[in-house]
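**Student:** Just dropping this structure here.
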Amino acid sequence: MKWSGSAPKGGQHARCLIVDGYNVIGRMKRTAFRDIDDMEALREALVDQLAEYRAYTGETVIVVFDAYRTEEAAVTEERQGVQVVYTYRNETADERIERLAYELRDVYGQVTVATSDALEQQVAFGSGALRISADELLRRLRAVKTEVRRRVAEADGRRLGQVEDRIEPDVAELLERWRRNEGGDHES
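Be aware that the sequence shown starts at 1, since it is given in full-length UniProt numbering, and climbs by one per residue.
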């Protein structure tokens with residue numbers, strides 16, 4: 001299955017991040033998959049974090065999940081701007097990631113594969129893609145979250161500013177007179 005996503009706006013300057021979904025989830029939880037109670041919630045949490053990353057960096061983000069042990073057909077859907085790919089039956093995420101890395105290397109100026117799977121990292125590198133570990137991706141996701149929060153707090157602070165920045169000049173003048181006890185009728 002060839003990649004059918006749209007071409008990037010930045011052409012050869014655009015960047016694409018391909019994420020080995022379950023590999024990253026495994027690093028997030030640092031536990032065996034059999035011990036994870038709610039895999040759907042973890043997939044959603046990862047997609048949420050990747051969406052925030054995509055919005056901040058402008059990169060195209062594709063997350064790939066294995067579906068090779070199921071009877072379901074392959075699915076690709078967009079959630080919050082993130083392409084979410086479930087592989088074909090009898091296809092691993094590694095196989096799909098390898099194919100995507102090759103297909104997208106001529107579409108994007110930079111393709112990065114995020115996985116801690118050593119073999120997959122070698123394959124990604126062989127396709128011309130950059131590679132980062134799942135831990136490095138998680139560090140990047142945390143850094144983006146921190147920076148977004150900082151910018152929101154900074155923007156909120158600018159919006160709130162001083163009281164005189166938020167009220168009409170005649171009201172500010174009246175309050176100033178009251179503050180200096182020049183208002184006449186008010187009680188202290």
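Even for Gly, the Cβ is constructed at its ideal location relative to N, Cα and C.
As the structure is a prediction and not an experimental result, all values here were calculated from the model.
Relative to the C-alpha of residue 46, which residue among 65, 102 and 74 is closest?
**Tutor:** 65
**Student:** What are the start and end residues of the alpha helix (DSSP H) that includes residue 57?
**Tutor:** Unbroken alpha helix (DSSP H) run through residue 57: 39–57.
**Student:** Between residue 63 and residue 84, which are expected to be in contact by the criterion C-beta below 8 Å, what is the C-beta distance as a whole number of angstroms?
**Tutor:** 6 Å
**Student:** Suppose contacts are defined by Cβ-Cβ distances below 7 Å. Is residue 18 in contact with residue 97 by that definition?
**Tutor:** yes
**Student:** Please say whether residue 67 and residue 87 have beta carbons closer to each other than 7 Å?
**Tutor:** It is a contact, given that the beta carbons lie within the stated cut-off.
**Student:** Go ahead and pull the three-state DSSP assignment for residue 168.
**Tutor:** coil
**Student:** May I have a chain-ordered list of the beta strand (DSSP E) segments no shorter than 3 residues that lie completely inside the segment 72–156?
**Tutor:** 75–79, 82–86, 110–114 and 130–132
**Student:** Give the secondary structure of residue 60 by DSSP, where H, G and I count as helix, E and B as strand, and everything else as coil.
**Tutor:** strand
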